[in-house]
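**Student:**
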Amino acid sequence: MGGDCFLLHYDAATKKVSALNGSGRSAQALTLEQARKDCPGQAAFALDNVHAITVPGAVAGWVDAVDAWGSLTIDQVLRPAIDLAKSGFPVSTQTAVAWKRGYDLAQHTSTFVDPIKVSYEGVDVYEVPPNGQGITALMALNLLKQVDGDDWKQQHNSAQYLHTLIEVLRLAFLDTRWFVTDPAFEHVPVAEL
Numbered sequence: 001m002g003g004d005c006f007l008l009h010y011d012a013a014t015k016k017v018s019a020l021n022g023s024g025r026s027a028q029a030l031t032l033e034q035a036r037k038d039c040p041g042q043a044a045f046a047l048d049n050v051h052a053i054t055v056p057g058a059v060a061g062w063v064d065a066v067d068a069w070g071s072l073t074i075d076q077v078l079r080p081a082i083d084l085a086k087s088g089f090p091v092s093t094q095t096a097v098a099w100k101r102g103y104d105l106a107q108h109t110s111t112f113v114d115p116i117k118v119s120y121e122g123v124d125v126y127e128v129p130p131n132g133q134g135i136t137a138l139m140a141l142n143l144l145k146q147v148d149g150d151d152w153k154q155q156h157n158s159a160q161y162l163h164t165l166i167e168v169l170r171l172a173f174l175d176t177r178w179f180v181t182d183p184a185f186e187h188v189p190v191a192e193l
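The sequence shown begins at 1 in my numbering and counts up by one.
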């Protein structure tokens, strides 16, 4: 899961407001000087800039908030959402009718397709082909196979390791944005990607 978590907590007994910032953080090896050097003259990173990628903090934020201020366990907090996900949930009559009679919903048919896969270090990784975005992960794995040598893997989470992963993902997402679309309307060169 990704995303950010910003929350405020009010303790009625002490009348104190506390805050938790569970936003994604930049890569540990990134310095302000390096960011300014890489992005001269920019007040903010463009969304497609590698430095705009952050570590997702939402789930850790939820756990930290429950640990710090909660009177329930994380399992108790998440149990209703888990149950709804497993069993469904009620909706209004109007919503049910709209969903049931909606033209697009009524005309929808699922398509059985052959999965696409990449073998990476002895493991077969499968994804649904485009128009889904899972091909991005497969493209990244294919790119990682092209990285010369194993030196970049030797120090897990080192600057070199993270830089390699970030660059590979940057290229995979770039190709995803450029090539991936609905193959019912435009050719997607899956084999070449």
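We treat Cβ as the ideally placed atom computed from N, Cα and C, and that holds for glycine.
Using three-state DSSP, classify residue 173 as helix, strand or coil.
**Tutor:** Here residue 173 refers to the residue found at position 173 when the sequence shown is read from its first residue. Of the three classes helix, strand and coil, the one that applies to residue 173 here is helix, per DSSP.
**Student:** From residue 12 to residue 70, what does the alpha carbon distance come to, in whole angstroms?
**Tutor:** Position 12 of the sequence shown, counted from the start, is the residue given in the question as residue 12. Position 70 of the sequence shown, counted from the start, is the residue given in the question as residue 70. Straight-line Cα distance between these residues: approximately 13 Å.
**Student:** For residue 9 and residue 27, I'd like the C-alpha separation in whole angstroms.
**Tutor:** The count along the sequence shown starts at 1 and reaches residue 9 at position 9. The count along the sequence shown starts at 1 and reaches residue 27 at position 27. Computed Cα separation, rounded: 28 Å.
**Student:** Please check the pair residue 170 and residue 50, which I expect to be a contact at CB under 8 Å, by giving their CB distance rounded to whole angstroms.
**Tutor:** The residue labelled residue 170 in the question sits at position 170 within the sequence shown. The residue labelled residue 50 in the question sits at position 50 within the sequence shown. Residue 170 to residue 50, Cβ: 5 Å. Contact.
**Student:** Taking 8 Å as the threshold (C-beta atoms), are residue 138 and residue 168 in contact?
**Tutor:** For this step, residue 168 is matched to residue 168 along the sequence shown. For this step, residue 138 is matched to residue 138 along the sequence shown. No; because the gap between Cβ atoms is not below 8 Å, this pair is not in contact.
**Student:** Between the Cα of residue 48 and those of 189, 178, 95, 89, spot the shortest distance and give me the residue it belongs to.
**Tutor:** Position 48 of the sequence shown holds residue 48. Per the Cα distances, 178.
**Student:** If you follow the alpha helix (DSSP H) that residue 4 is in, where does it begin and where does it stop?
**Tutor:** Here residue 4 is taken as the residue at index 4 of the sequence shown, counted from 1. First-last for residue 4: undefined, no H or E at that position.
**Student:** Measure the C-alpha to C-alpha separation of residue 39 and residue 166 and round it to an integer number of angstroms.
**Tutor:** As a first step, residue 39 is located in the sequence shown; it is residue number 39 there, counting from the start. As a first step, residue 166 is located in the sequence shown; it is residue number 166 there, counting from the start. For residue 39 and residue 166, the distance between alpha carbons rounds to 16 Å.
**Student:** Does residue 19 come out as helix, strand or coil in the three-state DSSP assignment?
**Tutor:** Indexing the sequence shown from 1 puts residue 19 at position 19. Of the three classes helix, strand and coil, the one that applies to residue 19 here is strand, per DSSP.
**Student:** When you compare each of 35, 128, 6 to residue 180 by their alpha carbons, which one comes out closest?
**Tutor:** Counting from one through the sequence shown, the residue named residue 180 turns up at place 180. When only C-alpha atoms are compared, the closest one is 128.
**Student:** Should residue 80 go down as buried or exposed, given a rule of 16 or more other Cβ atoms within 10 Å for buried?
**Tutor:** Mapped onto the sequence shown, residue 80 falls at position 80. It is exposed - the Cβ of residue 80 has fewer than 16 other Cβ atoms within 10 Å.
**Student:** Count the other CB atoms within 10 Å of the CB of residue 82; is the residue buried (16 or more) or exposed (fewer)?
**Tutor:** Taking the sequence shown and counting its residues from 1, the one referred to as residue 82 is at position 82. Exposed is the call here.
**Student:** Taking the beta strand (DSSP E) that residue 118 falls in, what are its first and last residues?
**Tutor:** The sequence position of residue 118 within the sequence shown is 118, counting from 1. It spans 116 to 120 - the beta strand (DSSP E) in which residue 118 sits, taken as one unbroken run.
**Student:** I need the straight-line Cα distance from residue 151 to residue 37, nearest angstrom please.
**Tutor:** In the sequence shown, residue 151 corresponds to position 151, counting from 1. In the sequence shown, residue 37 corresponds to position 37, counting from 1. For the pair residue 151 and residue 37, the Cα-to-Cα distance works out to about 26 Å.
**Student:** If you follow the alpha helix (DSSP H) that residue 91 is in, where does it begin and where does it stop?
**Tutor:** Position 91 of the sequence shown holds residue 91. That residue, residue 91, is in no alpha helix (DSSP H); it is neither H nor E in DSSP.
**Student:** Give me the residue from 52, 143, 74 with the minimum Cα distance to residue 192.
**Tutor:** Within the sequence shown, numbered from 1, the residue matching residue 192 stands at position 192. Considering only alpha carbons, the answer is 143.
**Student:** DSSP state of residue 128, grouped into three classes?
**Tutor:** The residue you call residue 128 lines up with position 128 of the sequence shown. Coil.
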